[in-house]
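Last residue of the sequence shown: 566 (this note's numbering), numbering continuous.
Glycine is no exception: its CB is placed at the ideal position from the N, C-alpha and C atoms.
Note that the structure is predicted; figures quoted are calculated from it, not measured.
Quick notes on the structure that follows.
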Amino acid sequence: MRTSSRNSRTTERHRYRRTAVATGAAAVAAALLTTALTTGSAEAAGSGAGSAGAAGAGTAGTKSVSAAAVRAAASHLGLGGQEKLIVRDVIKDPDGTVHTRYERTYAGLPVLGGDLVVHQAKDGKVTDVTKATEAAIKVPSTTPKQSAAAARESARAAARTVKGLKAGAAPTVDKAPRKVVWAAKGTPVLAYETVLGGFQDDGTPSKLHVITDAATGKKLYEYQAVATGTGTGQYSGKVPVGSVKSGTSYLMKDTARGGHQTYNLQGAFDGKGKPFLDADDVWGNGQPTIQQTAAVDAQYGAAVTWDFYKNVLGRNGIKNDGKAAYSRVHFATDYVNAFWDDDCFCMTYGDGEGNKKPLTSLDVAGHEMSHGVTSATAGLEYSGESGGLNEATSDILGTAVEFYAQNPQEPGDYLIGKQVDINGDGTPLRYMDNPSKDHLSPDYWGADLGDLDVHYSSGVANHFFFLLAEGSGPKTIDGVAYDSPTVDGQKITGIGRDKAVKIWYKALTTYMTSTTDYKGARTATLKAAWALYGHKSAEFKAVAEAWAAVNVK
């Protein structure tokens, strides 16, 4: 079969290992949405800090800059006594050339527009310097005439005239005004930088930076840190794409959501891939004919998943630390899968059969990022019943993400992987209301459940969740027909998807462990319902009834 051939090719190359092996006609279905772990290491970009005369060194990734090198750069530039350099990034070329990016301070104040890149040959000789400004950095005084409170009001007044912000919403001050030296245009002046929050008119978060003169309060400059380009995905349609200006181009990077980026593997198995850049900040064309299209869906999926966890569940990123994972698209060739990898802390998507159906639909994106959440919380072992619960968690939360998005191009449903058409006949990979419709997943718990592949044993938990949220029997939800059975024929009334999601999430993050099995999941969700709604609540009773309906008692 096609999948067997593909799996064999991957195994021969030893590029990565999967958590489950399947062969024959069912292999594609078994393989979807695994948490495969790549064996290659991912490159990590970072930044560090150092200053002229400081003892420490600035770093970027595994590279570093010595304090002596920073002093040498400062000397070459002829910096004044009140100026210092702070290392922001270091890039080393194969020929040994080093490009060190610096931020600059003056009398301890950040110099906006004072950044520069020092280019050094292998022997350390400075060959060139790229500066944001040629002006000498100097101001008459660092004592402002305006107060910070006055600067805040000046910034808010300026923001009310900015186009593209949501009408009628007063801008909130996300960061208190800070003193800076404004050097990006003209003669450097002492200024305040105020960061204002809120939303752009398309619903995208806003991080508006307003620079005001510290003497007069006059607006000097403003910029939107959340640069919202637009893109057209194959599944999501036309959606906002998190991007930032990078030189003369735009970089696909979502600064509003932990700095999430999507990279292009270009058919490779290893590495991080190349960042996506675009000249006009308009990405993709809705077709797999250009590589940006899959990136639009992946970037959008990561953004919606981030927002779902933050706005619905109060979680700030996968590890709850405000830091984003990253996405990689165009993995291998004809790769009919997507996966989460703890080692690189990233999601990876294949392009599907014939490289025409990327695995970047919204529920898949939510599924993969949720594997990261499971890893960061309960750490459910990826085998036996705990493995089934691990997979079910990603199905449950990925489905919740899809409903949360309210995207008419990707309407929410309880059919896993429907849009990517992995079976090639328009049917979904998994049915949450009636798992056995895939002819592989059981509807109810049995003693041999833990012997099944985790993508099939997940069906029981998926079924429980559907019953808890929506209830049993035939019904139509948002135009999709469902008919969910129970083991004893008893009718179940759902408590609503929102409550069911919160119960499962609390159980995962508070009451489940790495070895939790189905019996343990029942206990965990009952404790979660008790904690959220009380032990005499209808929600607590509904959890017990839904588990009984799938033969978990």
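Please give the ranges of any beta strand (DSSP E) in the region 127-181, keeping only runs that are unbroken, at least 3 residues long and fully inside the region.
129-133, 139-144
For D334 and S527, the rounded distance between their alpha carbons
21 Å
Count the other CB atoms, across all protein chains shown, that sit within 10 Å of the CB of G400; report buried if there are 16 or more and exposed otherwise.
buried
Within 6 Å: the Cβ of I490 and any heavy atom of the ligand GTP?
Among the ligands in the structure shown, none appear at all, so the ligand GTP cannot be discussed.
Are the beta-carbon atoms belonging to N420 and S167 less than 7 Å from one another?
no
Looking at C-beta atoms only, is the number of pairs between the region 276-283 and the region 341-349 that lie closer than 8 Å three or more?
yes
Proximal residues to A149 (C-beta, below 7 Å), its chain only, five neighbours per side dropped:
If the five residues before and after A149 are omitted, its C-beta is found closer than 7 Å to no C-beta atom of its own chain.
I'd like to check one pair, A562 with I508: are the Cβ atoms closer than 7 Å?
no
Give me the residue from P184, L393, T185, V202 with the minimum Cα distance to K192.
V202
Length-filtered (3 minimum) beta strand (DSSP E) runs lying within the region 186-246
For the region 186-246, whole beta strand (DSSP E) runs of length 3 or above, ordered along the chain, are 202-210, 221-226, 232-237, 240-246.
May I ask you to report which of helix, strand or coil DSSP gives I505?
coil
Between the C-alpha atoms of F289 and M265, what's the straight-line distance to the nearest angstrom?
6 Å
Does the pairing of the region 422-433 with the region 368-379 give three or more beta-carbon distances under 8 Å?
yes
Between the region 152-169 and the region 227-238, are three or more C-beta pairs nearer than 8 Å?
yes
Could you tell me the distance, in whole angstroms, from the CA atom of R101 to the CA atom of A544?
46 Å
Separation of V130 from F478, as counted between CA atoms
Rounded to the nearest whole angstrom, the C-alpha separation of F478 and V130 is 54 Å.
If you follow the alpha helix (DSSP H) that G472 is part of, which residue opens it and which one closes it?
467-483
Evaluate contact between the region 90-100 and the region 112-124, counting only Cβ atoms and requiring at least three cross-stretch pairs below 8 Å.
yes
Segments of 3+ residues assigned as beta strand (DSSP E) that fall wholly inside the region 348-419:
351-354, 359-363
Among V124, E415, H222, S383, which residue has its Cα nearest to the Cα of D491?
Of V124, E415, H222, S383, the residue nearest in Cα terms is E415.
Outcome for A35 when other beta-carbon atoms lying within 10 angstroms are tallied against a minimum of 16
Caution is warranted here: a pLDDT of 27 is assigned to A35, below 50, making its placement in the model unreliable, and the coordinate value is therefore given only provisionally. By the 10 Å Cβ count, A35 comes out buried.
Does T36 come out as helix, strand or coil in the three-state DSSP assignment?
Note that T36 scores 27 on pLDDT, short of 50, meaning its location in the model is unreliable; the coordinates nonetheless yield the value given after this. T36 falls in the coil class under three-state DSSP.
Starting from N277 and walking both ways along the beta strand (DSSP E), at which residues does that stretch end?
273-277
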